[in-house]
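Please read the structure below before turning to the comments.
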Amino acid sequence: MTPPLDVDALWAKVRPNERGLVPCVTQDLRTRAVLMLAWVSKEALAHALATGNATYFSRSRNVLWEKGATSGNTQRLIHVRLDCDGDTLFYMVEARLPACHEGTATCFSYRRVGNGWHREPVEVDRPEEGHIMEELDTVLDARARQPAGAKPSYTRSLLDAGVTKQVAKIREESEELVAALEGETDPRVVSETADLLYHVAVALKGRGLSFRAVFEELERRFGISGLDEKASRARPRPPTDEPG
247 MTPPLDVDAL
257 WAKVRPNERG
267 LVPCVTQDLR
277 TRAVLMLAWV
287 SKEALAHALA
297 TGNATYFSRS
307 RNVLWEKGAT
317 SGNTQRLIHV
327 RLDCDGDTLF
337 YMVEARLPAC
347 HEGTATCFSY
357 RRVGNGWHRE
367 PVEVDRPEEG
377 HIMEELDTVL
387 DARARQPAGA
397 KPSYTRSLLD
407 AGVTKQVAKI
417 REESEELVAA
427 LEGETDPRVV
437 SETADLLYHV
447 AVALKGRGLS
457 FRAVFEELER
467 RFGISGLDEK
477 ASRARPRPPT
487 DEPG
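Each step along the sequence shown adds one to the number in my numbering, with nothing skipped, and position 86 is 332.
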């Protein structure tokens, strides 16, 4: 399991300006939209990592500000990165839009028209459906890195409980999906499928795996007869002189 970020170790790699600040680019996990650029101090970064909420430093008010504390347009911190020069931070967040105080989805809503700059609506689209499992894996990583003192999320509690609990939940969700397929509505089938996939993803994460490995295996099987693929797995290994 990935350990929580150490603020002191990370900040030692940062090259802040004379006020002890670095710019931070913020991106939304679900839409991949670049939302804003704000400033971060070491204290703001520490607060963000401790609370799981994107936190910045207001240069005009000279205080920390947690995004959404007053507006409700929160940004749940998923992970933090540092650029190659050490002079810019990056927040990946689960955002409640709009991100901009002017009411637009992102702060980058002005474009050049003729001789002036004009604000226009920014279309924020969801990524292709296939990306959702990668997003889930990113969220699971973030939950696994929760600070020890924080109230554990359901995901973190499952990871901490170990494989026995994880397998029990997979068995439970599998039975619920079977029941839904046999006699319940389509929305229930979809809901139970989502529950099962989530719990499988947690168990994979507990083993250090992700759905990426599953997708790669599915890609490998494309163009191969299902019967042939099963037979190849059941076929006995040829004899060898090697031990074991």
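Think of the CB as a built atom: it goes at the ideal place given N, C-alpha and C, for glycine as much as any other residue.
Report the residue from the options whose alpha carbon sits nearest the alpha carbon of residue i.
i	options	result
P262	A290, A279, Q273 and V385	A290
E264	R305, L256, H293 and L281	R305
K288	D254, M282 and T316	D254
L275	Q321, G298, A284 and L295	Q321
D441	F461, E418 and E428	E418
E348	E366, D331 and A296	E366
A390	L404, V446 and M379	L404
L443	Q412, E428, T431 and D432	Q412
A438	R466, H364, L423 and G429	Correcting the residue type first, residue 438 is Glu in the shown sequence and not Ala. When only C-alpha atoms are compared, the closest one is L423.
S317	F303, M379, C330 and C346	C346
A341	V448, H445, M282 and E462	M282
For residue i, does the count of other Cβ atoms within 10 angstroms reach 16, so buried, or fall short, so exposed?
i	result
Y337	buried
L464	exposed
G452	buried
D487	In this prediction, D487 has a pLDDT of 47, which is less than 50 and means its spatial position is unreliable; what the coordinates show is noted afterwards. Per the 10 Å Cβ criterion, exposed.
H293	buried
R402	buried
V309	exposed
V339	buried
In chain order, what residues of the same chain have a beta carbon less than 6 Å from the beta carbon of residue i, not counting five sequence neighbours either side?
i	result
L251	L295
Note down, in chain order, each residue of its chain lying with its Cβ closer than 8 Å to the Cβ of residue i, except the 5 sequence neighbours on either side.
i	result
L328	L256, K259, V260, T334, L335 and F336
Using C-beta distances below 7 Å, list every residue in its chain close to residue i, excluding the 5 sequence neighbours before and after it, in chain order.
i	result
V280	V271, Q273, T352 and F354
Touch test, the region 312-332 against the region 293-300, Cβ-Cβ under 8 Å, three pairs minimum: yes
Contact between the region 446-462 and the region 378-389 (3+ Cβ pairs under 8 Å): yes
Length-filtered (3 minimum) beta strand (DSSP E) runs lying within the region 388-471: none
Ranges of the beta strand (DSSP E) found wholly within the region 248-311, counting only runs of at least 3: 268-274, 280-286 and 301-304
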